[in-house]
Amino acid sequence: MFSVLRRRGAASLPRANTTSRGSAAVPSSLSCLCRNPLLDGWRPLPASASRLASTSTSDNKQTDSQASASDASSQSTRSLVNEQTLDWEDKVDYQHVDKFSDLPYRHLGYNQHMIINAEFKKALGDIVKSFQAPIIYAFAYGSGVFPQSKLLGRTPSDELVHSVHPDPDPAIVRAQGEKPKMIDFIFGVSHTQHWHSLNIRQNRHHYSGLASLGSGLVSRVQDRYGAGVYFNPYVQVEGVLVKYGVVNIDTLCRDLLEWDTLYLAGRLHKPVKIIRDNARVRIANQTNLLAAIRTALLMLPEEFTERELYSTIAGLSYLGDPRMRFPTENPRKVANIVGHNAIHFRNLYAPLVQVLPNVDFAEVEDPSSAPPEHDLVLRQTMSDATRGNMVRRLPRQFRSRVYFEYQKKWQISRADFDHMTENLQTEEGGISFGARTGGEFDQRIAKGNAAVRREILREAIEKTTSWPSTVQAIKGVAMSGVSRSMRYLGEKMDKYREGKKQGPPEHSGDANPDDDAGGRKIEGGSSAEAFIPKANEKTNSSDDKPKAP
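Numbered according to the UniProt record's numbering, the sequence shown spans residues 1 to 549.
Put into structure tokens, the structure is as follows:
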């Protein structure tokens with residue numbers, strides 16, 4: 001039956017029209033062409049769609065087509081939004097964002113919504129709707145939604161399709177092409193135990209024997225260990241093989257804002273398809289995406305390419321991941337994610353780059369006007385004050401780890417360290433704050449040795465991700481059961497062998513990916529680390545170990 005499926009037209013999502021920094025207003029009638037791998041051919045986008053990162057829909061029930069109303073906005077309205085997009089971080093009170101009307105701006109977070117085939121999107125939505133327990137936020141992610149290898153346009157045989165999906169929607173078969181795969185979801189819920197109680201009643205077969213001990217134990221395993229996620233892999237929903245993870249919405253937002261584990265925040269650094277949106281998560285994730293850009297900028301030289309930026313961001317959460325240390329993951333994973341989803345990364349991050357004051361696209365004012373295969377060049381401001389501000393704006397938990405690593409590196413006494421960072425105590429719980437400018441300690445980090453800074457950021461990321469990722473892997477046996485855990489491990493090892501056949505990961509630039517700025521070999525580098533730049537940035541060795549005041 002699948003061999004006779006006809007290719008249907010793909011719906012595209014209109015983008016609101018805004019102007020590029022320093023450019024005149026662009027009429028909404030003008031458009032550019034951007035390639036979307038999951039759609040048929042080229043799709044028109046408004047010429048300044050890239051500014052939409054500071055904006056997103058105010059109603060989670062708004063359809064893709066309804067978003068086109070934004071194109072009719074007046075030039076004065078667009079100018080007002082553009083002027084105000086830089087200060088919402090300093091004014092928002094995350095604790096009081098409960099609905100979309102509470103967002104600082106009507107379209108904040110629009111860039112998070114990836115455009116995929118409309119029928120594929122509906123099929124994913126039907127899977128989420130089939131759950132009777134309330135899901136307040138949901139997204140689909142991974143290679144089952146965003147291919148990590150080139151699709152050849154071949155129609156898979158019925159036998160191959162049914163070996164993965166028992167009775168899938170034809171849209172899923174078309175979207176996945178010749179390589180049918182399990183589809184991954186994350187569900188954000190408000191009351192963990194209540195949710196599992198309802199879901200066990202509906203879908204007992206999704207759970208391992210752990211569920212026989214009750215929803216209370218299931219929720220404790222979820223919330224108290226690892227990154228706070230409970231996975232049910234290899235389950236059939238609506239005739240499709242899926243894996244879904246359940247997370248408390250508070251846990252999700254905390255990770256997005258503070259990077260306490262980077263487990264889910266890191267997943268959202270990559271393009272995902274949001275199926276059910278939530279205002280609180282949307283604004284927290286916008287902060288998460290900005291933090292990813294700032295972290296990458298602190299690791300990158302003055303001039304770099306889009307691919308280097310996106311590869312650095314995509315590789316952050318894999319540092320410290322035990323799967324990357326053992327033969328249980330494709331060593332080319334980061335390269336495959338970025339290389340085959342370049343347009344999605346551009347749609348996700350280019351609008352944010354355009355509203356940041358310290359980085360610009362060097363060749364074009366509007367990156368959406370460039371063909372997706374063009375690896376655009378970016379340039380950032382390297383002043384100590386500007387980069388110190390970026391250090392100051394890193395997520396609170398993660399920034400604390402960075403400070404601690406520098407305290408050890410520079411052998412600063414506790415008293416002197418407390419004096420240098422005393423201005424940081426003005427935060428109210430780390431979730432509501434006034435304007436944040438880098439202090440003396442932040443600027444010393446910013447102007448210090450570039451290779452040392454990169455290495456310390458890497459160490460801080462590894463210490464953030466290593467323990468929760470390891471515990472998640474261990475508790476996976478309890479969540480999934482032995483048989484499904486062995487199946488998962490076997491598939492991961494197959495991916496590792498497949499990646500080894502493809503060769504080592506690509507690395508942009510002339511430097512050896514395992515060399516730092518001084519040409520020294522870095523021991524124990526994982527494949528993910530190959531995408532954390534270590535060369536081509538000017539260093540200041542004289543300030544490598546500043547004196548405490």
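Just so it is clear, CB atoms sit at the ideal spot from N, CA and C, and this is done for glycine as well.
Beta-carbon proximity of R294 to R393, cut-off 8 Å: yes
Would you call the region 239-253 and the region 190-197 touching, i.e. three or more CB-CB distances under 8 Å? yes
To which residues does DSSP link K273 through a beta bridge? A140
Which residue marks the beginning of the beta strand (DSSP E) containing D360, and which one marks its end? V359 to F361
Given a cut-off of 8 Å, decide if P371 and T470 are closer than it, judged by their beta-carbon atoms. no
Rounded to whole angstroms, how far is the Cβ of I136 from the Cβ of R276, which I believe are closer than 8 Å? 7 Å
Whose C-alpha, out of L316, A350, Y141 and L348, is nearest the C-alpha of K273? Y141
Proximity winner among L160, S219, Y244 and R154, relative to S130 (alpha-carbon distances): Y244
Quick one: what's got a C-beta closer than 6 Å to V229's C-beta in the same chain, skipping five residues either side? G245 and V247
So who's on the other strand from S304, going by DSSP bridges? Looking at the sequence itself, residue 304 is Phe, so the reference to Ser does not match. F304 pairs with L378.
Taking contact to mean 3 or more Cβ pairs, one atom from each stretch, closer than 8 Å, check whether the region 335-343 and the region 310-320 are in contact. yes
Do F231 and G476 have their beta-carbon atoms positioned less than 8 Å apart in this structure? yes
Own chain partners of P147 with C-beta closer than 6 Å, once the 5 adjacent residues on each side are dropped: H340
Determine the burial state of K408: buried for a count of at least 16 other Cβ atoms within 10 Å of its Cβ, exposed for fewer. exposed
Does the region 254-266 come into contact with the region 211-230, if we say contact requires no fewer than three beta-carbon pairs (one atom in each stretch) closer than 8 Å? yes
Using the three-state DSSP reduction, which class does I183 fall into: helix, strand or coil? strand
Ignore the nearest five residues each way along the sequence and tell me which others in V391's own chain have a CB closer than 6 Å to its CB. G438, D442, I445 and A446
Taking the alpha carbon of V240 as the point to measure from, which residue in A123, E365, G209 and L289 has its own alpha carbon closest? A123
Restricting to runs no shorter than 4 residues, where is the alpha helix (DSSP H) found entirely within the region 244-292? 249-258 and 263-267
Measure the alpha-carbon distance for G388 versus D416 and round it to whole angstroms. 19 Å
Suppose contacts are defined by Cβ-Cβ distances below 8 Å. Is G320 in contact with L252 by that definition? no
Span separating the alpha-carbon of E89 from that of S101: 17 Å
Is E308 closer than 8 Å to L300 when the C-beta atoms are compared? yes
Bridge partners for F417 per DSSP, in chain order? According to DSSP, which records beta bridges pairwise, F417 is partnered with nothing at all.
Should D87 be labelled buried (16 or more other beta-carbon atoms within 10 Å of its own) or exposed? exposed
Can you check which of these residues, R204, Q95 and F304, is closest to Q236 by C-alpha distance? R204
Going by the CB atoms, is the gap between I200 and S219 shorter than 8 Å? no
Which of the three DSSP states is assigned to L241 in this structure? strand
Cβ neighbour criterion (16 or more within 10 Å) applied to Q202: exposed
By how many angstroms is the C-alpha of L378 removed from the C-alpha of E303? 6 Å
For Q112, which option in V161, D167 and F345 has the closest C-alpha, if you only look at C-alpha atoms? F345
Within the same chain, show all residues whose beta-carbon is closer than 7 Å to that of P367, passing over the 5 residues directly before and after it, in chain order. S50, R346, A350, F361 and L376
Using only the alpha-carbon positions, how far apart do K270 and Y110 sit? 15 Å
Does the beta-carbon distance from P180 to H165 come in below 8 Å? yes
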